[in-house]
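**Q** In terms of my numbering, the sequence shown opens at residue 111 and continues consecutively. For glycine and all other residues, C-beta sits at the position ideal for the given N, C-alpha and C. Computed from a predicted structure; not experimentally measured. Take this structure, written in structure tokens, and hold onto it; I'll ask about it next.
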Amino acid sequence: MKKLIPLLLLILAAAAGYFGYSYYFSPEKVLSRAIQRFSNLNTVHGEMNIDLVVRLNQPQALGKSVQQTLSGFSDINIKDKTQKTHMTLTTQGKAVDMDFVLLKDGEMYMKSPVLSQSWLSLNSSALKEKGLLTVDPQANDYVTQSLGFMKSVEKGSIVKLEDEIVDGVKTTKFRVDISTPRYMEFMKALGINQSVVDGIQDATVKSTIWVSRSTGNIVAMETEVKNVKIYQPGTSNLLGSSDYTIKLTYSRYDQTIDVSKPAGEAIPYEEFLKQAGDAKSPSNP
Numbered sequence: 111m112k113k114l115i116p117l118l119l120l121i122l123a124a125a126a127g128y129f130g131y132s133y134y135f136s137p138e139k140v141l142s143r144a145i146q147r148f149s150n151l152n153t154v155h156g157e158m159n160i161d162l163v164v165r166l167n168q169p170q171a172l173g174k175s176v177q178q179t180l181s182g183f184s185d186i187n188i189k190d191k192t193q194k195t196h197m198t199l200t201t202q203g204k205a206v207d208m209d210f211v212l213l214k215d216g217e218m219y220m221k222s223p224v225l226s227q228s229w230l231s232l233n234s235s236a237l238k239e240k241g242l243l244t245v246d247p248q249a250n251d252y253v254t255q256s257l258g259f260m261k262s263v264e265k266g267s268i269v270k271l272e273d274e275i276v277d278g279v280k281t282t283k284f285r286v287d288i289s290t291p292r293y294m295e296f297m298k299a300l301g302i303n304q305s306v307v308d309g310i311q312d313a314t315v316k317s318t319i320w321v322s323r324s325t326g327n328i329v330a331m332e333t334e335v336k337n338v339k340i341y342q343p344g345t346s347n348l349l350g351s352s353d354y355t356i357k358l359t360y361s362r363y364d365q366t367i368d369v370s371k372p373a374g375e376a377i378p379y380e381e382f383l384k385q386a387g388d389a390k391s392p393s394n395p
């Protein structure tokens, strides 16, 4: 019996180690720690690509079905809610570039050649007071949106897939379902227009998340959102529906980024609107 006790203790210790290892490195634990790390980031760089299909109930000038792609990159200060972003929006094969800088206290700058060669200065707080801002950009960058998806993962839906290399980083790949009600609550907390929140009520949302095997950081995330209803803002008038896929890769975690006012003179948005109104004519609508 005395000889059996050490052997029994050894077996118990091995079993405890095995189950402890399995628990610590379970898909749920690995992903939970990765999401927590992401939540605690101060700054991050994001490369994004969004494919969008809009189906309209009433055909418009662009047709009954509109395909758009939004690609670009952002340097985002998550804690300060400041960012600088470059985007290219492609609609039916036609591309439009836009640069966007968001500072504190709602101070914004935007430049797009289709509007003006100069920077336009805006203020999100002022626009919000006038009812002209359905989404608060200080809480609506795509990194913040990704965090909303991450925090809305359905428990029990996490599936570990094969390991992959993403941008030279060895990662573990996870597939998850997103809780639509939980994500709607997140959207409400951002102050997003209620008609936009209602639009996702019947949607299905699934995400794939890649986590670095060496650092535990989230390296990439791809989210598929299907059957989003599009309502006319402030009404229950259904205009159509859409599907979209958001692909993001993350890097430069907690590195210093420079988000500052663009160099040169910026045209106040109100002045730009006045100039555009003055330039309007029957031959140049």
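Exposed or buried, Ser370, counting other C-beta atoms within 10 Å across all chains shown (16 or more means buried)?
**A** With fewer than 16 other Cβ atoms within 10 Å, it is exposed.
**Q** Taking the C-alpha atoms as reference points, what is the distance between Ser231 and Tyr219?
**A** Approximately 5 Å, taken between the alpha carbons.
**Q** So Thr290 is in the alpha helix (DSSP H); what residue range does that whole segment cover?
**A** Taken as a continuous stretch (DSSP letters only), the alpha helix (DSSP H) holding Thr290 covers Thr290 to Ala299.
**Q** By Cβ distance below 6 Å, which residues in the same chain neighbour Arg165 in space, the five residues on each side in sequence not counted?
**A** Ser175, Gly350 and Ser351.
**Q** Taking the alpha-carbon positions, what's the Val269 to Thr359 distance?
**A** Rounded to whole angstroms, Val269 to Thr359 spans 20 Å at the Cα level.
**Q** May I ask you to verify whether the stretch 175-192 touches the stretch 146-153, counting CB pairs closer than 8 Å and requiring at least 3?
**A** The stretch 175-192 is in contact with the stretch 146-153.
**Q** If Phe259 sits next to Thr198, beta carbons under 8 Å apart, how far is it from one beta carbon to the other, in whole angstroms?
**A** Rounded, the Cβ-Cβ distance is 23 Å, inconsistent with contact.
**Q** Tell me which same chain residues have a C-beta within less than 6 Å of the C-beta of Asn159, skipping the five on either side of it?
**A** If we look at Asn159 and ignore the five residues flanking it on each side, its Cβ neighbours are Ser181 and Lys357.
**Q** Helix, strand or coil for Glu381? Go by DSSP, reduced to three states.
**A** Residue state, collapsed to three classes: helix.
**Q** Roughly how many angstroms lie between the CA atoms of Val263 and Met294, to the nearest whole one?
**A** Taking the straight line from one Cα to the other gives about 13 Å.
**Q** Whole alpha helix (DSSP H) runs in the stretch 270-356 with 4 or more residues, listed along the chain?
**A** As far as the stretch 270-356 is concerned, its whole alpha helix (DSSP H) runs of at least 4 residues are 290-299 and 304-309.
**Q** Just grab the DSSP bridge partners of Asp209 for me.
**A** Paired residue(s): His196 and Lys221.
**Q** For the candidate residues Gly344, Lys384, Phe296 and Ile302, whose alpha-carbon lies nearest to that of Lys261?
**A** The option with the nearest alpha carbon to Lys261 is Phe296.
**Q** With H, G and I counted as helix, E and B as strand and the rest as coil, what does DSSP make of Glu157?
**A** Here Glu157 sits in strand by DSSP.
**Q** Any idea what DSSP makes of Ala376, helix, strand or coil?
**A** Three-state result, Ala376: strand.
**Q** Can you tell me which of Glu239, Thr254, Gly301 and Lys221 puts its alpha carbon nearest to the alpha carbon of Ala373?
**A** The shortest C-alpha separation from Ala373 is found at Lys221.
**Q** According to DSSP, Phe183 sits in a beta bridge with which residue or residues?
**A** According to DSSP, which records beta bridges pairwise, Phe183 is partnered with Glu157 and His196.
**Q** Using DSSP with H/G/I as helix, E/B as strand and the rest coil, what is Lys238?
**A** The answer is helix: DSSP assigns Lys238 an H, G or I state.
**Q** Since Ser231 is in the beta strand (DSSP E), which residue starts that stretch and which ends it?
**A** Its beta strand (DSSP E) spans residues Ser226 to Asn233.
**Q** Taking 8 Å as the limit between beta carbons, can you name the residues of its chain near Asn337, skipping five residues before and five after?
**A** Closer than 8 Å at the Cβ level, and outside the excluded window around Asn337, lie Asp312, Ala313, Thr314, Ser351 and Asp353.
**Q** In terms of residue numbering, what span does the alpha helix (DSSP H) encompassing Ile145 cover?
**A** From DSSP, the alpha helix (DSSP H) with Ile145 extends over Pro137 to Ser149.
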